[in-house]
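Under this note's numbering, the first residue of the sequence shown is numbered 6, with each subsequent residue one higher.
Here the structure is laid out as structure tokens; the discussion comes afterwards.
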Amino acid sequence: MTYPNLTPERAAMNELHADGLRAGDPATWQLTEDAFAVGAQLHSETVFTIGNGQLCVRGSFEEGHPGDHPASFMHGVWDDMPVSVTELANLPRWWGIDLWFDGDRFRLDTGRLLDFTRSLDLLTGVLSRSLRWEAPSGAVVELGFERFVDFSSPHRAAVRVSIATDRAVQVRTRAGLDAHVENTGLLHWRVVDQGAGDAAAWLHTRTRATGIDLACACEVTLDGVEADATAGGTDGVPTIEHSFELQPRRAVVLTKQVAIVSGIDAADPVAEATGLARESAGAGWDALRAASDSAWLQAWARTDVVIGGDPEAQLALRFSLFQLLIAAPRFTENASIGAKTLSGFGYRHHVFWDTETFMVPPFSYSQPEIARNMLMYRWHGLAGAREKARANGHRGAQFPWESAGTGAEVTPSWMADPGDRTKLIRVWAGDIEIHITADIALAVMQYWQVTGDDAFICGYGAELVLDGAVFWASAAKREDDGSYHFRNVVGPDEYHDRVDDNAYTNHLAAWHLRTAGIVAGWLAGHHPERWAQLSAALAIDAAELDHWETVAAAMYLPVGTDGLLEQFTGYFALRDVDVAELRDPARTTSMQQRYGFEGITETQVLKQPDVLMLAYLLPELFTGEALARNYAYYDPRTDHEHGSSLGPAISAVMACRAGQPEVGYQHFLRAARADLRDVRHNAGDGIHGASAGGLWQAVVFGFAGLEVIADGWHTTPMLPKHWTRVEFGFEHRGVRQRVVVEA
Ligand code: IFM
Numbered sequence: 006m007t008y009p010n011l012t013p014e015r016a017a018m019n020e021l022h023a024d025g026l027r028a029g030d031p032a033t034w035q036l037t038e039d040a041f042a043v044g045a046q047l048h049s050e051t052v053f054t055i056g057n058g059q060l061c062v063r064g065s066f067e068e069g070h071p072g073d074h075p076a077s078f079m080h081g082v083w084d085d086m087p088v089s090v091t092e093l094a095n096l097p098r099w100w101g102i103d104l105w106f107d108g109d110r111f112r113l114d115t116g117r118l119l120d121f122t123r124s125l126d127l128l129t130g131v132l133s134r135s136l137r138w139e140a141p142s143g144a145v146v147e148l149g150f151e152r153f154v155d156f157s158s159p160h161r162a163a164v165r166v167s168i169a170t171d172r173a174v175q176v177r178t179r180a181g182l183d184a185h186v187e188n189t190g191l192l193h194w195r196v197v198d199q200g201a202g203d204a205a206a207w208l209h210t211r212t213r214a215t216g217i218d219l220a221c222a223c224e225v226t227l228d229g230v231e232a233d234a235t236a237g238g239t240d241g242v243p244t245i246e247h248s249f250e251l252q253p254r255r256a257v258v259l260t261k262q263v264a265i266v267s268g269i270d271a272a273d274p275v276a277e278a279t280g281l282a283r284e285s286a287g288a289g290w291d292a293l294r295a296a297s298d299s300a301w302l303q304a305w306a307r308t309d310v311v312i313g314g315d316p317e318a319q320l321a322l323r324f325s326l327f328q329l330l331i332a333a334p335r336f337t338e339n340a341s342i343g344a345k346t347l348s349g350f351g352y353r354h355h356v357f358w359d360t361e362t363f364m365v366p367p368f369s370y371s372q373p374e375i376a377r378n379m380l381m382y383r384w385h386g387l388a389g390a391r392e393k394a395r396a397n398g399h400r401g402a403q404f405p406w407e408s409a410g411t412g413a414e415v416t417p418s419w420m421a422d423p424g425d426r427t428k429l430i431r432v433w434a435g436d437i438e439i440h441i442t443a444d445i446a447l448a449v450m451q452y453w454q455v456t457g458d459d460a461f462i463c464g465y466g467a468e469l470v471l472d473g474a475v476f477w478a479s480a481a482k483r484e485d486d487g488s489y490h491f492r493n494v495v496g497p498d499e500y501h502d503r504v505d506d507n508a509y510t511n512h513l514a515a516w517h518l519r520t521a522g523i524v525a526g527w528l529a530g531h532h533p534e535r536w537a538q539l540s541a542a543l544a545i546d547a548a549e550l551d552h553w554e555t556v557a558a559a560m561y562l563p564v565g566t567d568g569l570l571e572q573f574t575g576y577f578a579l580r581d582v583d584v585a586e587l588r589d590p591a592r593t594t595s596m597q598q599r600y601g602f603e604g605i606t607e608t609q610v611l612k613q614p615d616v617l618m619l620a621y622l623l624p625e626l627f628t629g630e631a632l633a634r635n636y637a638y639y640d641p642r643t644d645h646e647h648g649s650s651l652g653p654a655i656s657a658v659m660a661c662r663a664g665q666p667e668v669g670y671q672h673f674l675r676a677a678r679a680d681l682r683d684v685r686h687n688a689g690d691g692i693h694g695a696s697a698g699g700l701w702q703a704v705v706f707g708f709a710g711l712e713v714i715a716d717g718w719h720t721t722p723m724l725p726k727h728w729t730r731v732e733f734g735f736e737h738r739g740v741r742q743r744v745v746v747e748a
């Protein structure tokens, strides 16, 4: 396992900075809701997700609620289902606590809710809920729930509830583990074994198709009252129950210390989980909190970005970083962050280009060891990428559009039409959205540029870049015009699929081939043995290197008048957008929903930046004038409000580069609100991880204008008018840098 590797000096510096973190407006560290709205419960479950980079749990109530989507996921615990569904298995419900008061079961759909607050402390990852509830019997109960996932180690979590009432009440509590959980209708677990005693319960389950063992264990303590515990439960549900009479205004606290260990991490997960839970119970809540809080402070000291003069922006950015920190693989290099993180069922936890293009960069700059883990996930997936290339008749490594446990392509070929779920729509991305191979190479090169981690490049990164180049060179076809073309592809703008010569794809392919030539030269010069071994393994000889240059030089690169790039062949001939319709503030659906999947392809409306995405990632391709020209053309044609959640943050950066920070701020707000305000009405499926990573990029690369150059870094700030300050740290070649931009 790879653990975060803090040197003593770095830890000392972080401790110092941690004190400063508490300063400022405490509200910008708290996500709070003061009422429970049934209609918003799935959204709330998502945004109140907590975790530790290995294990996440949605903010679902301990006691459950009708219509909820309770879920907890752990990196690596993939399972397959017939018709090629691969997803992380929802873990047995380990955070549940059921309560009865004079026989009335506590749940918010019964009785009367008198008071409710749910709050997530982003600084420590503790989720709290306090409420007053009038039971059907008339007794008024005060409950205070708290839970956290230990940020200092991969397998522990804890939940507790304090209970007080206004009158003498007979209380029954039940805390246990429950294997009868589902992934929106799919069942992934077989029960292997279970056990329960007076204070502890454990459950051993196994995924149905992949055969991954998982052990959950809990230790339960009750403080403030004498009560006998009873072990019990049913098949797959070991429990510990307490019954007692609670006197008025005498609080009792039920604490559940949990450990979850998979067979990937331990030879005997049951022994490991039961041992860890026992150890946690021995150490106690406060000790576990102290360890977890300290790990959080260290992470925040390296990650936090301070925005002065805009509490909404500050909270949104911290929330986004929190969501990335809890999902990013801190304890393993065999996992990465899925498009919807570990906070919901959306996209079945599959890893897209979202990860390398949007989520890896914040880590490359702030916590490079985590970025490295995410890039290593791709290296471990090389066999799947090579198989995909081979199946398509190519050489090299063609990375899958969607990736899960093995690195094989897992994009579904069909999906239900959201407008009419009796119909199926063909999904082309897995077949022809090929740009992801270059996106991964870009992330590797960016990581290398900022970290200077030659060892990673030599051992792993070069292989990712080089074998990707082998793929591009073998897939590019020279046509009668003497140029190499990529026909029938999908670029970032997925409103237009099956297009020819997408500018983004072709330019990135050419960039990838040239970059691979440079990497090959570096490897041959600095690590000749590794070059000899890798070039032999990947069949890269002098002719192959020449071929890369030839393909890059003769790549068909569409250039329009005045530097205006045509997004793909034929784009300019499409019907232009109806600006009034596109910018209509009353519109609540995407332009694709309005025009239909085929209809939208006949217009110039973009789902997300495509040419501008290219300009964002490879700015050296654009002169200032060309950038202004492309920005002026493509930005107004983009469905910023209801298109892809990936778009707004990048549009914010591009607006800054076009000298329009106030427009950039409007785009920034769209990204900031994507999940907090559920603008696309699908946050219940999980956090939009790319938007979260993009938000950091909007602030750091856009408003602060940070640029790492060959011999250092500089900033070209462009703050929105009302921002007073942006301050953040990043690591440049192992040395911590502090950037302060003041208005
Ligand atoms: O990868 C994205 C794509 O760019 C737009 N559709 C959603 C995918 C997953 O977030």
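Glycine is no exception: its CB is placed at the ideal position from the N, C-alpha and C atoms.
Predicted, not measured: the structure shown is a model, and the values here were computed from it.
- By the 16-neighbour rule on beta-carbons within 10 angstroms, Val745 is exposed.
- Contact between the region 250 to 264 and the region 296 to 315 is absent: fewer than three C-beta pairs spanning the two stretches fall below 8 Å.
- Only buried fits Arg63, as 16 or more other CB atoms lie within 10 angstroms of its CB.
- If you compare the alpha carbons of Thr442, Lys261, Glu484 with that of Trp99, the shortest gap goes to Lys261.
- Using a Cβ-Cβ distance cut-off of 8 Å, the region 695 to 712 and the region 358 to 366 are in contact, since at least three pairs of beta carbons, one from each stretch, lie closer than that value.
- In the DSSP assignment, the residues bridged to Gln262 are Ala163, Glu224.
- Pairing Gly652 with Ala676, the inter-Cα distance amounts to about 8 Å.
- When the Cα atoms are used, Val564 and Ala529 turn out to be separated by approximately 35 Å.
- In this structure, DSSP gives Thr337 a state outside helix and strand, which the three-state scheme calls coil.
- Counting the other CB atoms within 10 Å of its CB gives Ala578 a total below 16, which places it among the exposed residues.
- Counting along the chain, Ala271 sits inside no beta strand (DSSP E), nor does DSSP assign it H or E at all.
- Glu549: member of the alpha helix (DSSP H) spanning 547 to 558, first to last residue.
- With contacts defined by Cβ atoms closer than 8 Å, Ala333 and Ala278 do not form a contacting pair.
- When DSSP assignments are scanned along the region 412 to 473, the uninterrupted stretches of alpha helix (DSSP H) that are 4 or more residues long and fall wholly within it turn out to be 434 to 437, 441 to 456.
- Here Gly691 is buried: its Cβ has 16 or more other Cβ atoms, across all protein chains shown, within 10 Å.
- Secondary structure of Ile692 (DSSP, three-state): coil.
- For Ala206, the enclosing beta strand (DSSP E) starts and ends at 205 to 212.
- For Thr122, the enclosing beta strand (DSSP E) starts and ends at 117 to 126.
- Taking C-beta separations shorter than 8 Å and ignoring five residues to either side along the sequence, the partners of His74 in its chain run Leu47, Glu50, Arg63, Ser65, Thr189, Gly349, Phe350, Gly689, following chain order.
- Here DSSP, grouped into helix, strand and coil, assigns Met86 to strand.
- Taking C-beta separations shorter than 8 Å and ignoring five residues to either side along the sequence, the partners of Ala559 in its chain run Arg483, Gly487, Ser488, Tyr489, following chain order.
- If you compare the alpha carbons of Cys61, Asp615, Ile439, Gly72 with that of Arg152, the shortest gap goes to Cys61.
- In the same chain as Asp114, and ignoring 5 residues on each side of it, the C-beta atoms closer than 7 Å to its own belong to His70, Pro71, in chain order.
- Going by beta carbons, Leu380 and Val449 fall inside the 8 Å limit.
- Contact check between the region 653 to 662 and the region 604 to 624: three or more CB pairs, one atom from each, fall below 8 Å, which counts as touching.
- Closest option to Leu623, judged by alpha-carbon separation, among Trp516, His193, Met86, Gln59: Trp516.
- Of all alpha-carbon atoms in Thr308, Ser167, Gly314, Pro87, the one lying nearest the alpha-carbon of His727 is that of Gly314.
- For the pair Gln572 and Asp498, the CB atoms are nearer than the 8 Å cut-off.
- About 5 Å separates the CB atoms of His209 and Val275; that is less than 8 Å, so the two are in contact.
- Rounded to the nearest whole angstrom, the C-alpha separation of Leu119 and Ala591 is 36 Å.
- Only residues of its own chain outside the window of five on either side were considered, and among them Val311, Val745 have a CB closer than 6 Å to the CB of Glu732, listed in chain order.
- Cα atoms of Ala271 and Val82: separation of roughly 13 Å, rounded to the nearest angstrom.
- With fewer than 16 neighbouring CB atoms inside 10 Å of its own CB, Leu429 falls in the exposed class.
- Each of Trp477, Gly698, Met659 was checked against the Cα of Met723, and the nearest Cα belongs to Met659.
- The DSSP-derived three-state label of Tyr636 is helix.
- Annotated three-state conformation of Glu284 is helix, per DSSP.
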